Amino acid sequence: MNIELNSQNPVVYRPYRLSHHEREKVRSMVNEMIDAGIIRESVSEYSSPIILVRKKDGSSRLCVDYRMLNSITIKERYPMPVIEDEIARLSGQACFITLDLASGYYQVPIAEQSKHLTSFVTPDGQYEFNRMPLGLANAPAVFQRMLNKILGTARFNHATAYIDDVLIYGKDAMECLERLEEVLQAMHKANLTLNLSKCDFLRSSIDYLGYEISADGVRPGQRKITSVLNFPRPENVHNVRQFLGLASYFRKFIQGFSQIAFPLSKLLKKDAGWEWSSSQEKAFEDLKARLVDRPILAIYDPNAETELHTDASKIGVGGILLQRCSANDAFRSVAYYSRQTSPEEKNFHSYELETLAVVCSLRKFRIYLLGKIITDCSALRSTFSKRDLIPRVARWWLLFQEFDCSVEYRSGTKMSHVDALSRNPVSDMEETLADRFPMVMSICGEDWLHTLQLGDSELNRIRDILKNNVDEKGLQYIRDNYVIKGDKLYRYLDSDKNNIRWVVPKGARWQLCRMNHDDIGHFGVEKTLERLKKNYWFAKVTKFVTKYVNSCIECAYAKSHASKPEGLLHPIEKIDLPFHTVHVHHLGPFVKSKRGHTHLLVVVDSFTKFCFIKPVRNTNSVNSIRALDDIFCTFRNPDRLVSDRGSCFTSHVFKKFCLNKGIKHVLNAVASPRSNGQVERYNRTILDSMRAVAVKHGEKDWDSHIGTIQWGLNNTVQKTTGKTASEILFGVSMRSEINPISNKVVAETRGDCDITTIRSEAKSRIDNNMIKKKEHYDKGRKPATTYAVGDLVKITRTCFSNEGQSKKLLSPYIGPFRVIKVLGNDRYNVAPVPGISSTQNKRPTTIASDRMMPWIHLAALQVDEDDSDGCDD
Numbered sequence: 035m036n037i038e039l040n041s042q043n044p045v046v047y048r049p050y051r052l053s054h055h056e057r058e059k060v061r062s063m064v065n066e067m068i069d070a071g072i073i074r075e076s077v078s079e080y081s082s083p084i085i086l087v088r089k090k091d092g093s094s095r096l097c098v099d100y101r102m103l104n105s106i107t108i109k110e111r112y113p114m115p116v117i118e119d120e121i122a123r124l125s126g127q128a129c130f131i132t133l134d135l136a137s138g139y140y141q142v143p144i145a146e147q148s149k150h151l152t153s154f155v156t157p158d159g160q161y162e163f164n165r166m167p168l169g170l171a172n173a174p175a176v177f178q179r180m181l182n183k184i185l186g187t188a189r190f191n192h193a194t195a196y197i198d199d200v201l202i203y204g205k206d207a208m209e210c211l212e213r214l215e216e217v218l219q220a221m222h223k224a225n226l227t228l229n230l231s232k233c234d235f236l237r238s239s240i241d242y243l244g245y246e247i248s249a250d251g252v253r254p255g256q257r258k259i260t261s262v263l264n265f266p267r268p269e270n271v272h273n274v275r276q277f278l279g280l281a282s283y284f285r286k287f288i289q290g291f292s293q294i295a296f297p298l299s300k301l302l303k304k305d306a307g308w309e310w311s312s313s314q315e316k317a318f319e320d321l322k323a324r325l326v327d328r329p330i331l332a333i334y335d336p337n338a339e340t341e342l343h344t345d346a347s348k349i350g351v352g353g354i355l356l357q358r359c360s361a362n363d364a365f366r367s368v369a370y371y372s373r374q375t376s377p378e379e380k381n382f383h384s385y386e387l388e389t390l391a392v393v394c395s396l397r398k399f400r401i402y403l404l405g406k407i408i409t410d411c412s413a414l415r416s417t418f419s420k421r422d423l424i425p426r427v428a429r430w431w432l433l434f435q436e437f438d439c440s441v442e443y444r445s446g447t448k449m450s451h452v453d454a455l456s457r458n459p460v461s462d463m464e465e466t467l468a469d470r471f472p473m474v475m476s477i478c479g480e481d482w483l484h485t486l487q488l489g490d491s492e493l494n495r496i497r498d499i500l501k502n503n504v505d506e507k508g509l510q511y512i513r514d515n516y517v518i519k520g521d522k523l524y525r526y527l528d529s530d531k532n533n534i535r536w537v538v539p540k541g542a543r544w545q546l547c548r549m550n551h552d553d554i555g556h557f558g559v560e561k562t563l564e565r566l567k568k569n570y571w572f573a574k575v576t577k578f579v580t581k582y583v584n585s586c587i588e589c590a591y592a593k594s595h596a597s598k599p600e601g602l603l604h605p606i607e608k609i610d611l612p613f614h615t616v617h618v619h620h621l622g623p624f625v626k627s628k629r630g631h632t633h634l635l636v637v638v639d640s641f642t643k644f645c646f647i648k649p650v651r652n653t654n655s656v657n658s659i660r661a662l663d664d665i666f667c668t669f670r671n672p673d674r675l676v677s678d679r680g681s682c683f684t685s686h687v688f689k690k691f692c693l694n695k696g697i698k699h700v701l702n703a704v705a706s707p708r709s710n711g712q713v714e715r716y717n718r719t720i721l722d723s724m725r726a727v728a729v730k731h732g733e734k735d736w737d738s739h740i741g742t743i744q745w746g747l748n749n750t751v752q753k754t755t756g757k758t759a760s761e762i763l764f765g766v767s768m769r770s771e772i773n774p775i776s777n778k779v780v781a782e783t784r785g786d787c788d789i790t791t792i793r794s795e796a797k798s799r800i801d802n803n804m805i806k807k808k809e810h811y812d813k814g815r816k817p818a819t820t821y822a823v824g825d826l827v828k829i830t831r832t833c834f835s836n837e838g839q840s841k842k843l844l845s846p847y848i849g850p851f852r853v854i855k856v857l858g859n860d861r862y863n864v865a866p867v868p869g870i871s872s873t874q875n876k877r878p879t880t881i882a883s884d885r886m887m888p889w890i891h892l893a894a895l896q897v898d899e900d901d902s903d904g905c906d907d
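Numbering-wise (this note's numbering), the sequence shown opens with residue 35 and increments by one.
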């Protein structure tokens with residue numbers, strides 16, 4: 035970064051006064067920055083003052099007030115990316131990654147000849163920056179130039195960067211990861227570091243520069259229109275007037291505005307009574323819908339004239355970002371903003387409230403380059419020229435230093451559109467307590483519960499009955515079961531006057547359950563109930579606590595369920611035709627043999643039980659296809675091929691091989707080996723035989739004896755069929771290769787049957803065996819839970835990433851996943867829910883029902899509360 039000035043007069047400020055505690059903080063921060071090489075001591079003739087800014091976590095950040103230096107700085111005109119152009123490049127992309135630089139600005143060095151200009155003073159010394167600080171006018175442009183240079187040509191078709199927002203995109207996850215590797219290599223070469231906790235990887239949709247981007251296209255982000263969508267329903271004529279003031283400002287963009295708003299306008303007439311009927315409700319909802327429609331929320335244009343209209347009241351602050359393309363066009367809204375004021379902010383002076391509205395709106399619309407700020411508080415304009423600012427206002431106005439904007443006054447009568455947002459605010463969850471200067475208090479549990487009791491309307495009714503001794507018919511039950519002690523409401527337990535419990539208001543039930551379940555170790559329903567009933571009472575406590583515990587997120591992940599396994603056996607139909615259905619599986623890895631083999635490819639015919647065992651060098655698709663093609667060319671192409679979900683069988687090459695051969699490829703559900711039981715059972719026998727052979731011949735010569743094992747399996751009687759696999763396939767018994775002397779004996783003692791008879795007998799035995807196996811399997815299991823498309827489920831964990839470490843504390847489930855397709859035979863296609871960090875697999879997959887459990891539903895906690903006090907449970 036190089037700083038050039040249009041004035042040779044040095045900027046000289048005395049340090050702002052700090053308390054003793056603040057001075058100690060500043061000294062500590064300065065020492066840390068010196069040790070990190072961010073700053074150094076200075077003797078410059080320039081000196082800007084510092085202020086302390088509270089961060090969201092409650093700690094302080096040292097910032098420099100560079101307002102005067104920025105006023106004489108020659109602004110860099112480095113071309114910033116055109117947002118519309120950047121967004122247009124993302125059309126058709128389906129996978130996105132965002133990166134966040136750690137302490138981004140500090141990663142940019144300052145030119146040696148410009149370091150003295152960044153000099154700042156504290157009450158204890160003078161220092162200057164070696165790295166680019168926040169608050170300098172050209173910092174965004176310099177940072178953008180740096181990122182563009184680092185990304186190089188990748189920013190034209192692989193990634194895009196807008197100041198500190200880096201977005202990598204692709205048509206699928208693999209392409210996205212390849213581009214990510216290229217960008218990371220470029221950043222590594224430039225010695226940049228990332229803040230991993232703020233990076234997002236492989237998202238199907240993402241908010242970027244105020245837009246929601248997905249494979250479906252680009253649309254304005256939901257956050258931009260929240261203020262209008264959540265505008266509260268008017269409760270009186272004054273609220274209606276405020277809402278129509280907002281809507282009328284944009285009436286030229288709403289077709290038939292007068293007709294739509296007529297039911298609401300009737301309420302503003304002098305003698306009209308208050309009435310909110312279905313016609314008013316429809317008009318209200320229609321106007322809100324029109325206000326957030328495409329013709330209203332214009333796409334931001336960095337070259338258009340921009341205005342930010344703000345307003346504030348004791349109730350809330352609001353802002354609307356507007357633009358127009360030419361002087362003849364009307365201003366159109368780009369985004370709305372509104373939020374409530376905190377209890378502390380309600381006591382601010384009107385001047386401070388108006389400043390707060392500007393600052394909050396600027397923070398909300400930071401990604402835009404604002405040109406003009408319009409407010410109905412004329413005192414705001416004098417702030418730029420003030421030499422000393424109170425800490426609160428100084429902190430706010432630091433935000434202005436990176437914007438090139440001006441403040442303009444406009445009377446309140448011309449600001450009704452913003453006034454409606456500020457006086458009907460919606461809660462803004464992005465505003466943290468640290469931003470609102472909270473007061474820290476220490477209260478005990480009784481004070482907290484007592485406060486909630488006093489705020490509960492139903493409990494206040496009971497208190498009034500007890501305090502005023504109301505003697506009316508039907509109230510005797512309340513007098514017999516409730517009592518007030520120390521201005522606190524209690525209930526007698528089982529009409530025992532010596533045994534009382536706190537009466538819990540509705541607003542405290544969740545909190546008490548959390549304190550007696552979450553905070554003490556996530557025990558079950560019985561233990562949680564026992565703790566609650568010892569001191570507290572509320573209607574239907576057992577039902578409420580049961581549903582709370584059953585809906586605990588942590589328990590859903592961590593606790594397994596002891597019950598019969600789900601899912602009955604669904605045998606694969608055996609067609610009495612050789613090579614109709616073939617099962618395939620890789621067995622291994624083994625010690626690398628002298629011939630370079632590491633795995634076995636085991637192929638089993640479902641009907642005849644004839645097996646092929648092929649040694650292969652690895653499990654890639656090419657070797658597997660070569661082995662299978664050799665078998666199929668010798669016999670015939672199967673109608674159906676069953677395999678697991680190994681990468682060999684899910685690859686594009688293998689899918690193309692099956693397609694060309696006319697083979698229906700069936701993939702097992704994840705972690706369900708029983709679905710491929712034919713080959714799994716052979717694997718066990720093969721492995722036992724190989725171990726025995728290795729004892730005699732050594733483990734590096736295991737592949738030399740595979741042919742013998744294969745011959746033995748195919749020419750010994752199979753328990754299910756009562757025949758050898760060779761008999762069913764060829765119709766004759768194979769003569770022994772191991773001991774030719776016995777061939778004559780075998781021929782004399784055995785007569786071969788007709789192949790049709792052999793296969794008919796084998797089919798009959800296979801069918802009978804399937805029935806017995808199913809009865810035996812189903813005896814210890816229960817029918818599977820059925821799921822519908824859209825249901826949320828959790829699935830059992832099968833992969834553990836921390837190899838070599840204890841797995842005892844890892845949760846047995848991951849999720850939630852959403853069911854996207856019902857496949858039959860207790861199998862489902864499931865996909866991860868976007869935004870959930872615990873779902874490691876980012877692609878849809880097939881899961882059997884015995885590995886699935888219903889996900890908790892918070893809607894189940896809507897207990898039908900009947901506070902008529904008829905029962906304790």
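All C-beta atoms, glycine included, are put in the ideal place defined by N, C-alpha and C.
Quantities reported herein were computed from a predicted structural model and do not represent experimental measurements.
Note: E75 is bridge-paired with Y161 in the DSSP secondary-structure output. Between the region 559-578 and the region 818-829 there are fewer than three inter-stretch CB-CB distances shorter than 8 Å, so the stretches are not counted as touching. Taken through DSSP and simplified to helix, strand or coil, D663 comes out as helix. By the neighbour-count criterion, in which 16 or more other beta carbons inside 10 Å mark a residue as buried, S311 falls on the exposed side. Distance from the CA atom of D788 to the CA atom of K806, rounded to whole angstroms, is 28 Å. The C-alpha of L226 is placed about 54 Å away from the C-alpha of R275. According to DSSP, G353 shares a beta bridge with T344 and Y371. Minimum Cα-Cα distance from L214 among the listed residues F235, I743 and F688 corresponds to F235. According to DSSP, W308 shares a beta bridge with no other residue. By the neighbour-count definition (other C-beta atoms within 10 Å, threshold 16), H272 is an exposed residue.
Shown here for N803: same chain residues with a beta carbon closer than 6 Å to its own, the five before and five after excluded, namely T754 in chain order. Counted as a single uninterrupted DSSP element, the stretch harbouring A173 is not any beta strand (DSSP E) but the alpha helix (DSSP H) occupying residues A173 to L185.
Separation of F683 and N182 (C-alpha to C-alpha, rounded to the nearest whole angstrom) is 42 Å.
Using a 10 angstroms sphere on the CB of F130, the tally of other CB atoms reaches 16 or more, which defines it as buried.
By the Cβ test, the region 194-206 is in contact with the region 101-121, since at least three Cβ pairs between them sit closer than 8 Å. With respect to the C-alpha of I534, the residue from W544, V60 and L523 having the closest C-alpha is L523. The distance from the Cβ of A128 to that of S238 is about 7 Å, consistent with a contact at the 8 Å cut-off. Across the structure, E492 and I349 are spaced so that their CA atoms are roughly 28 Å apart. Buried is the label assigned to F399, since at least 16 other Cβ atoms lie within 10 Å of its Cβ. Non-local C-beta neighbours of N36 in its own chain, meaning closer than 6 Å and more than five positions away in sequence, comprise A145 and S148, ordered along the chain.
Distance from the CA of K303 to the CA of A295, rounded to the nearest whole angstrom, comes to 13 Å. DSSP places D199 inside the beta strand (DSSP E), whose first and last residues are D199 to G204. Between P268 and F154, the C-beta spacing is not below 8 Å. Pairwise C-beta distances place the region 97-105 out of contact with the region 51-71, as fewer than three of them are shorter than 8 Å.
By DSSP's assignment, T107 forms a beta bridge with L39. The alpha-carbon separation between R358 and A338 amounts to approximately 6 Å. For A391, the enclosing alpha helix (DSSP H) covers residues S384 to K398. Remark: C-beta atoms of I720 and I697 do not approach each other more closely than 8 Å. Counting only unbroken stretches of 4 or more residues, the alpha helix (DSSP H) elements lying wholly within the region 561-623 are 575-584 and 587-592, in sequence order.
Contact between the region 685-695 and the region 720-731 is absent, with fewer than three C-beta pairs closer than 8 Å. Remark: C-beta atoms of V638 and L621 do not approach each other more closely than 8 Å. With respect to the C-alpha of D206, the residue from A173, R885 and R877 having the closest C-alpha is R877.
Taking L151 as the centre and dropping the five residues before and after it, the same chain places the C-beta of I37 and Y80 closer than 6 Å to its C-beta, in chain order.
When DSSP reads this structure, G741 sits in no beta bridge, so it has no partner. The criterion of a C-beta distance shorter than 8 Å is not satisfied by F646 and P612. DSSP, read as helix, strand or coil, puts S153 in coil.
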